[in-house]
Amino acid sequence: AAEGAGLGIQFLKHLSRTRLLLHLVDIAPQDGSSPAAAVRCIVAEVEKFGRDLVGRERWLVLTKRDLLDPAAYAECERSLLSELDWNGPVFGISSVTREGLDKLIEALARRLDALRVEQAAAADAADDEPYDPLQS
5 AAEGAGLGIQ FLKHLSRTRL LLHLVDIAPQ DGSSPAAAVR CIVAEVEKFG
55 RDLVGRERWL VLTKRDLLDP AAYAECERSL LSELDWNGPV FGISSVTREG
105 LDKLIEALAR RLDALRVEQA AAADAADDEP YDPLQS
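Numbers in this note's numbering are just positions in the sequence shown, counted from 1, shifted up by 4.
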């Protein structure tokens with residue numbers, strides 16, 4: 005995608021207009037693939053694309069939580085976070101049962117509101133700087 009193949013480049017361009025990136029990863033892939041490898045693949049594409057996406061805030065959203073019993077889910081999550089050395093927010097969700105969706109939506113709303121306030125404060129601070137014709 006980062007090299008301009010397929011629809012992926014359009015998606016990456018769209019991401020550059022977002023304030024926050026959510027990595028949705030299947031916690032229990034039916035094909036036995038590694039969720040950590042999926043996250044690394046996403047991160048690698050974002051890094052190849054460059055721009056300011058690399059430094060963008062990212063959250064990890066583990067999907068299909070309903071496919072594992074609570075103990076197995078907790079172990080998979082712990083293992084994945086350890087393998088990735090993930091320090092950001094993590095949410096486990098199920099689209100089928102809606103488990104975790106309200107918590108994710110509420111956290112997103114709070115964070116996006118906070119980002120809007122931060123952006124407005126930064127714009128106000130920039131407007132308060134004295135005009136310097138040498139900087140134009």
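Glycine included, each C-beta is placed from N, C-alpha and C at the ideal position.
Outcome for residue i when other beta-carbon atoms lying within 10 angstroms are tallied against a minimum of 16
| i | result |
| --- | --- |
| L64 | buried |
| L11 | Low confidence applies here, because L11 scores a pLDDT of 45, under 50, leaving its location unreliable; read the following figure in that light. Counting Cβ neighbours within 10 Å, L11 comes out exposed, since fewer than 16 surround it. |
| G59 | exposed |
| T101 | exposed |
| V50 | buried |
| L116 | exposed |
Cβ-Cβ distance between residue i and residue j below 7 Å
| i | j | result |
| --- | --- | --- |
| L25 | R62 | yes |
| L88 | A32 | no |
| R120 | S98 | no |
| P39 | V47 | no |
Nonlocal neighbours in the same chain, by C-beta distance under 8 Å from residue i, ignoring five residues either side
| i | result |
| --- | --- |
| F95 | W63, L64, V65, L66, G104, K107, L108, A111 |
Sequence-distant residues of its chain with Cβ nearer than 6 Å to residue i (five each side left out)
| i | result |
| --- | --- |
| C80 | I31 |
| Y77 | R69 |
- prompt: How about the segment 83 to 98 and the segment 37 to 54: do they share at least three Cβ pairs that are nearer than 8 Å?
  reply: yes
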